[in-house]
Amino acid sequence: MPNNQNTETDFSLILDNVLRRRQLLIGCGALSGIGLTWTPGVWAMDEIPSETTLDFEAVPANLLDTVTVPPGHAWHVVASWGDPLWSYGERFNEETRGSAHSQKLAFGDNNDGMELFVSNTRTLLAVNNEYVNLPVMYGNRASRAPETSEDVMKGQAAIGITIMEISLFNGTWSITKDSPLNRRITAQTPMKLTGPAAGTKLTITDLDPDGNLPLGTLNNCGSGRTPWNTYLSCEENFNLFFASSDREHNLSEECRRYGIRKNDRGYSWYSHDERFDIAKHPNEVNRFGYIVEIDPLNPSSLPKKHSALGRFKHENASVVVSKDNRIVVYMGDDERGEFLYRFISDSIFHPDADNSKILESGSLYVAKFAANERGKWVELTAESTGMASQAEVCVHTRKAGSIVGATTMDRPEWIAAHPHDEAIYCCLTNNKNRGRKTNAGGDKTSVDGPNPRPNNIYGHIIRWRPDEDDHANSDFSWDIFALAGNPHVHSGLNAGSPNINPTNVFNSPDGLAFDSLGRLWIQTDGNYSNEGDFFRMGNNQMLVADTNTGEIKRFLVGPRECEVTGVTWSTDRKTMFVGIQHPGERGHSHFPGGKQSIPRSSIIAISRDDGKIIG
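According to this note's numbering, the stretch in the sequence shown is residues -11 to 603, in order.
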């Protein structure tokens, strides 16, 4: 392959101008241990437990239609799209791909973020079901799209959240059918809207004149959990489900900022469920794009949409506790050139108290990064933005961020908090528009310190640390942990940072999570063509990083045309649960059933043959 030099910038310039105050560590005398680190002394080598060693054989990139894990590890399927949660549910039908009725009783499609919860002896998985893979779900239709009201109802039942008990028997995890804790939350599930936007003119509809009881949740992407053991599900690309029956309908500037269009994207919901017709119910769209809090241990509880945390395309929610015991939530807006946000609760977290309303009131901030490796959180209020009310700030949050001059970022995806110190990591997955065009609000996307490459096709991982190690502090320092790239094809900046080498190349880091030992797990949702700029990258994958040395190793490769997304662990850390989303999205996979079976999004369980902690 050709060696294409990037002449616009050079990695040495980034090292000089962006990372000049950091040092490069060589772990155990090996070049593979080189990594970009914080200021010397923050992470002393002897502070990191020896268990953080990445003691497995790295998995080579490949194009196989299966899951590949290191030698000494094994995996099995826990649940796949359409698997019934109750014994009276129908077994998945390969010919029909299910019905609206069967889907209401079954594991949803396109599983994404997930968290594990334990109640006495019961183990629960709360799993997002982001959207439906139209050509697969409706492959029994000539159009490969929904054609009837029944089809639309099936799609609405396939998204949202699945809460299911799972059990371990003879080394295999599976769904515990008929568990009283099993639950499906869909596009039709009643919810409660809290915070400044609730009951305002922005959220009132004909079907909900009080404006505080929205119906359903859409495009639930990444996840989070609270210290009081509730599940946070994040509404991302909600715009895709709306359209207009009136082609002359005047879309507002605020609607256009969120990607709302008059034309349908293939779901046809507006034709069969008028809630999604923006010409008839223009405020309905303002009731989506929130963090949804769910109590997985109480199947009768009402999910809450928290407007105080802002409305945008939420990727995930990373929750930490400040020094004064307030709850801090870090959030990314997954769109080219959009922003990073932070929420700080008004109330204090008390471990033994009722914390159920703690996310209903607080302060919302947006991030501004400076080229000198410093940054500041700017509070978004009616006063700081000049907007009419806090309700408007919380509904039109992107506009608020633009007004105060927030830094446009390269698609902020998952955010993860280090379990042993106060550093926060964030995947900036890619941005083909960097340095070329503005975001949807007209904000410039110039090449800058935290976004150092034009046409960022590979993505990178940034991290920051609050001043005085206090997440309530508005000032922070930042650096870049890893620039993804491809040294097979490029030299210079697009080859990646020093901790990227021919054995661990990847693109579009998306999912991100720490295990209890402080290892950082990285999941990708990128280009799997294996050609051109992506030569020898293979299928999407999961890697693990030692944030002390910067070392990154490939742990897993997924099947064809999938995204690897969502990760959580059993309580003993001997099983890792990983999501395999949309295998065969372009028609070239039969995972997990093989042969000529229908590809189905699935959750897999991974364990070590020696029974030790995974990793």
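Beta carbons: idealized from backbone N, C-alpha and C, even for Gly.
Endpoints, alpha helix (DSSP H) assigned at Gln144:
Residues Ser137 to Ala146.
Within the chosen definition, does the region 303 to 312 reach the region 209 to 224 through at least 3 CB pairs nearer than 8 Å?
Verdict: yes, contact present.
Identity of the residues DSSP links to Pro400 by a beta bridge:
Leu416, per the DSSP bridge assignment.
Is Pro407 buried or exposed, if buried means 16 or more other CB atoms sit within 10 Å of its CB?
With fewer than 16 other Cβ atoms within 10 Å, it is exposed.
Excluding the 5 residues preceding and the 5 following Ile346 in the sequence, name in chain order all residues of the same chain whose CB lies nearer than 7 Å to its CB.
Result list for Ile346: Ile315, Ser333, Ser335 and Phe337, in chain order.
Applying the 10 Å Cβ sphere with the 16-neighbour rule, what's the burial state of Arg235?
With fewer than 16 other Cβ atoms inside 10 Å of its own Cβ, Arg235 counts as exposed.
Range covered by the beta strand (DSSP E) that runs through Glu242:
Careful: Glu242 lies outside any beta strand (DSSP E), inside the alpha helix (DSSP H) at Glu241 to Arg245.
For Thr136, is the classification buried or exposed, using 16 other Cβ atoms within 10 angstroms of its Cβ as the cut-off for buried?
So Thr136 ends up on the exposed side.
Thinking C-beta only, is Leu500 closer than 8 Å to Gly484?
One thing to note: Gly484 has its Cβ no nearer than 8 Å to the Cβ of Leu500.
Below 7 Å CB to CB, which residues in the same chain sit around Thr369 once its five sequence neighbours on both sides are set aside?
The residues are Gln378 and Val381.
Using C-beta distances below 7 Å, list every residue in its chain close to Cys16, excluding the 5 sequence neighbours before and after it, in chain order.
Model confidence at Cys16 stands at a pLDDT of 26, short of 50, so the residue's coordinates are unreliable; what they give is reported in the following sentence. Within its own chain, no residue has a Cβ closer than 7 Å to the Cβ of Cys16 once the five positions on either side in sequence are excluded.
Can you tell me where the beta strand (DSSP E) with Gly389 in it begins and where it stops?
Going by DSSP, Gly389 is part of no beta strand (DSSP E) but of the alpha helix (DSSP H) stretching over Thr385 to Ile391.
Does the Cβ of Gly159 have 16 or more other Cβ atoms within 10 Å, making it buried, or fewer, making it exposed?
Its Cβ having fewer than 16 others within 10 Å, Gly159 is exposed.
Among the residues of its own chain, which have a CB less than 6 Å from the CB of Gln511, if the five just before and after it don't count?
Excluding sequence neighbours, Gln511 sits near Asp498, Gly499, Met530, Val552 and Thr553.
Cβ pair Cys414, Leu328 closer than 8 Å
Taking C-beta atoms as the reference points, Cys414 and Leu328 count as a pair closer than 8 Å.
With DSSP as the reference, label Arg596 as helix, strand or coil.
Here Arg596 sits in strand by DSSP.
Considering only C-alpha positions, which residue in the set Gly473, Trp257 and His64 is nearest to Gly581?
Checking every option, the nearest Cα to that of Gly581 belongs to His64.
Apart from the five residues just before and just after Pro37, which ones in its own chain have a Cβ nearer than 7 Å to its Cβ?
For Pro37, the predicted model reports a pLDDT of 42, less than 50, meaning its position is unreliable; a value from the coordinates is still stated below. Counting only Cβ-Cβ distances below 7 Å, and skipping sequence neighbours, we find Leu505.
According to the neighbour-count rule (16 or more other Cβ atoms, all chains shown, within 10 Å of its Cβ), is Lys583 buried or exposed?
With fewer than 16 Cβ atoms within 10 Å of its Cβ, Lys583 is classed as exposed.
Provide the residue(s) that pair with Gln91 in DSSP beta bridges, ordered along the chain.
As far as DSSP is concerned, Gln91 takes part in no beta bridge.
What are the boundary residues of the alpha helix (DSSP H) that includes Pro123?
Note, Pro123: alpha helix (DSSP H), Leu122 to Met125.
Phe522: which of Val140, Pro475 and Pro339 sits nearest, CA to CA?
Ranking Val140, Pro475 and Pro339 by CA distance to the CA of Phe522 puts Pro475 first.
Once the 5 residues before and after Thr193 are set aside, which same chain residues still bring their CB inside 6 Å of it?
Excluding positions up to five away in sequence, the list reads His269, Asn271 and Glu272.
If Asp252 and Tyr246 are in contact, beta carbons under 8 Å, what's the gap, nearest whole angstrom?
Not confirmed; about 16 Å, so no contact.
According to the neighbour-count rule (16 or more other Cβ atoms, all chains shown, within 10 Å of its Cβ), is Asn81 buried or exposed?
Exposed, because fewer than 16 other Cβ atoms sit within 10 Å of the Cβ of Asn81.
Could you name the residues of the same chain whose beta carbon sits closer than 7 Å to that of Arg132, not counting the 5 residues immediately before and after it, in chain order?
The answer, listed in chain order, is Leu122, Pro123 and Tyr126.
Whole angstroms are fine: how far does the CA of Thr54 sit from the CA of Ile568?
Separation of Ile568 and Thr54 (C-alpha to C-alpha, rounded to the nearest whole angstrom) is 10 Å.
Please classify Ser595 as buried or exposed, where buried requires at least 16 other C-beta atoms within 10 Å of its C-beta.
Buried: at least 16 other Cβ atoms inside 10 Å.
Cβ of Arg524 within 8 Å of Cβ of Val566?
Cβ distance not < 8 Å, so Arg524 and Val566 don't count as in contact.
Contact check, Glu78 vs Ser68, beta carbons under 8 Å
No, Cβ-Cβ distance for Glu78 and Ser68 is not below 8 Å.
By how many angstroms is the C-alpha of Leu416 removed from the C-alpha of Gly480?
Take the alpha-carbon of Gly480 and the one of Leu416: they are about 19 Å apart.
Looking only at its chain, what residues have a beta carbon closer than 7 Å to the beta carbon of Arg422, apart from the 5 residues adjacent to it on each side?
Within its own chain, the residues whose Cβ lies closer than 7 Å to the Cβ of Arg422, once the five positions on either side in sequence are excluded, are Asp398, Thr433, Val435, Asn439, Arg441, Pro442, Asn443 and Asn444, listed in chain order.
Helix, strand or coil, according to DSSP, for Asn286 in the structure here?
Here Asn286 carries a coil assignment [DSSP, helix/strand/coil].
Counting along the chain, where does the alpha helix (DSSP H) carrying His260 start and finish?
That run of the alpha helix (DSSP H) goes Trp257 to His260.
Considering only residues of the same chain and omitting the five flanking positions on each side of Thr373, which have a CB-CB separation below 7 Å?
The answer, listed in chain order, is Val381, Ala388, Ile391 and Val392.
In the DSSP assignment, the beta strand (DSSP E) including Thr373 goes from what residue to what residue?
Taken as a continuous stretch (DSSP letters only), Thr373 belongs to no beta strand (DSSP E), being part of the alpha helix (DSSP H) at Ala370 to Thr373.
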